[in-house]
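*Asks:* Following this message is one structure expressed as structure tokens.
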């Protein structure tokens, strides 16, 4: 019987200028989803949450990760919060464009740039 590989992705959370920043690291897939979901849920657990997801440390992401990002966006916006995304990797940007998420998440190049972006409240 073949074993499922251990999760190779992780998340780290910190605050900056009133924003909760969730950095996603490594290979993000179905195996790392529970840990990533835990960080994103914590960041969106209060009304009016201001969150930034930083994908720069991510080496790989799949549709599971995109689903978690969409879920976090919905949770934040549903309670009057904001969400920003930091992404510079060409393959990740290509995936975001292909799924239409670039339009709603408007990736920034740095966390500092994401903090100064106009908040995106639309659904």
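Numbering (this note's numbering), first residue to last: 4 to 126.
The beta carbon of each residue, even a glycine, is placed where N, CA and C say it ideally should be.
No experiment lies behind these values; they were computed from the predicted model shown.
The alpha helix (DSSP H) that contains residue 42, what's its start and end?
*Replies:* Numbered from its first residue, the chain shown carries residue 42 at position 39. That run of the alpha helix (DSSP H) goes 36-46.
*Asks:* Buried or exposed, going by whether 16 or more other CB atoms sit within 10 Å of the CB of residue 47?
*Replies:* Position 44 of the chain shown holds residue 47. Flag for residue 47 reads buried.
*Asks:* Can we say the stretch 53-62 touches the stretch 108-118, given the rule of at least three CB pairs closer than 8 Å?
*Replies:* yes
*Asks:* Does the beta-carbon of residue 41 have 16 or more other beta-carbons within 10 angstroms, so that it is buried, or is it exposed?
*Replies:* On the chain shown, position 38 is the one that residue 41 refers to. It counts as exposed.
*Asks:* Report the three-state DSSP secondary structure of residue 28 (helix, strand or coil).
*Replies:* Looking up residue 28 in the chain shown gives position 25. The answer is strand: DSSP assigns residue 28 an E or B state.
*Asks:* Apart from the five residues on each side of it in sequence, which residues of its chain come closer than 7 Å, Cβ to Cβ, to residue 15?
*Replies:* Within the chain shown, numbered from 1, the residue matching residue 15 stands at position 12. Excluding residues within five positions, the ones whose Cβ falls inside 7 Å are 26, 28.
*Asks:* By Cβ distance, which residues of its chain are closer than 8 Å to residue 72, with the 5 residues on each side in sequence left out?
*Replies:* In the chain shown, the residue the question calls residue 72 occupies position 69. Once the five neighbours on either side are set aside, the close Cβ partners of residue 72 are 43, 56, 88, 104, 108.
*Asks:* With distances taken Cα to Cα, identify the nearest neighbour of residue 36 among 62, 66, 49, 24.
*Replies:* Position 33 of the chain shown, counted from the start, is the residue given in the question as residue 36. Of 62, 66, 49, 24, the residue nearest in Cα terms is 66.
*Asks:* Let me make sure I understand the geometry here. Which of 79, 53, 83, 69 has the alpha-carbon closest to that of residue 95?
*Replies:* Residue numbering aside, residue 95 sits at position 92 when the chain shown is read from its first letter. The option with the nearest alpha carbon to residue 95 is 69.
*Asks:* Around the C-beta of residue 83, are 16 or more other C-beta atoms found within 10 angstroms, so that it is buried, or is it exposed?
*Replies:* Numbered from its first residue, the chain shown carries residue 83 at position 80. Classification of residue 83: exposed, given that the 10 Å Cβ count is below 16.
*Asks:* Going along the chain, which residues of its own chain have a beta-carbon closer than 6 Å to the beta-carbon of residue 86, five neighbours each way excluded?
*Replies:* Residue numbering aside, residue 86 sits at position 83 when the chain shown is read from its first letter. So the list reads 54, 76, 79, once near-sequence residues are dropped.
*Asks:* Run through DSSP, which three-state label would residue 126 get?
*Replies:* For the purposes of this step, residue 126 is identified with residue 123 of the chain shown, where counting begins at 1. With a pLDDT of 45 at residue 126, under the threshold of 50, the predicted position of this residue should be treated as unreliable, though the coordinate-derived value follows. If DSSP states are grouped into helix, strand and coil, residue 126 belongs with coil.
*Asks:* Using CA atoms only, rank isn't needed, just tell me which of 106, 49, 31 is closest to residue 11.
*Replies:* Here residue 11 is taken as the residue at index 8 of the chain shown, counted from 1. With distances taken between Cα atoms, residue 11 lies closest to 31.
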